[in-house]
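Residue numbers (this note's numbering): -14 to 236.
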């Protein structure tokens, strides 16, 4: 998705929809990935294209320190935000557990992208409190002490304390919010369960039976051979054309 984001941003540039000074017209793209995603080839390719085209795109890397069970030091030596400079554009490190700081950094990067100042990479340093998936057991590679430390930096709790200090929320407001969240969660669960109960699998057809047949019992159909020397050549992304060749299929 990093390459897709850069491609879309290049389209914005081609349409002249950035750097005009018109806030209703100027646009930018924001693409999100994790620390594990920065080890992928397409991520680095996207940074190359974003830099050389000065694309209006912001790369947001949520570094929760673990790519499933792989820690940062098994993924990279240079942090993602520092690597951005090697590609030719700014990188910023922000406390990912500080909502206000993260918002301020993201807004600044998007404003620069919209105004024609090119891409920015944001690394939000945070921590994954739970398991990566239901099959993941983080107690095998993390300590309870580390979990406890980061629990004290919970961004939701920090935001609540900030809003309370400015007298923008109180216990009654939070209680009402929790009740609404529970009701919404119950509605979603009931809707999902209702769809599952109503689902009727399609009857097994001959085609599906062949697809699921054992390799030992499945018979392979003979491959048809063209009867003349006219062959159709094409790449997947081009229109096919017929060409004459001076050879025939082997028997």
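We put the beta carbon where it would ideally sit given N, CA and C, even for glycine.
By how many angstroms is the C-alpha of residue 169 removed from the C-alpha of residue 20?
Distance between the alpha carbons of residue 20 and residue 169: 31 Å.
Could you give the uninterrupted runs of the beta strand (DSSP E) lying entirely in the stretch 99 to 148, keeping only those of 3 residues or more?
Those beta strand (DSSP E) runs which fall completely within the stretch 99 to 148 and span 3+ residues are 105 to 110.
Coarse secondary structure for residue 75, derived from DSSP in three states
Looking at residue 75 - three-state DSSP - the assignment turns out to be coil, as it is neither helix nor strand.
Between which two residues does the beta strand (DSSP E) carrying residue 17 extend?
14 to 19
Starting from residue 180, trace the alpha helix (DSSP H) both ways and give me its first and last residue.
156 to 183
According to DSSP, residue 55 sits in a beta bridge with which residue or residues?
52.
Residue 47 in three-state terms, based on DSSP:
In the structure shown, residue 47 falls within a strand segment according to DSSP collapsed to helix, strand and coil.
Run through DSSP, which three-state label would residue 80 get?
strand
Given this structure, state the Cα-to-Cα distance separating residue 6 from residue 100, to the nearest angstrom.
The C-alpha of residue 6 lies about 7 Å from the C-alpha of residue 100.
Under DSSP, the alpha helix (DSSP H) around residue -13 begins and ends at which residues?
-13 to -1
Report the rounded CA-to-CA distance for residue 86 versus residue 160, giving the unit in angstroms.
Looking at the two C-alpha atoms, the distance is approximately 26 Å.
Beta-carbon proximity of residue 43 to residue -1, cut-off 8 Å:
Remark: C-beta atoms of residue 43 and residue -1 do not approach each other more closely than 8 Å.
7 Å Cβ shell around residue 135 - same chain, five flanking residues per side excluded:
112 and 114
How many whole angstroms separate the CB atoms of residue 82 and residue 138, which I take to be in contact at a CB cut-off of 8 Å?
5 Å
Own chain residues within Cβ distance below 7 Å of residue 28, not counting five before or after:
-13, 18 and 22
Any idea if residue 51 is buried or exposed, counting beta-carbon neighbours within 10 angstroms, 16 or more meaning buried?
buried
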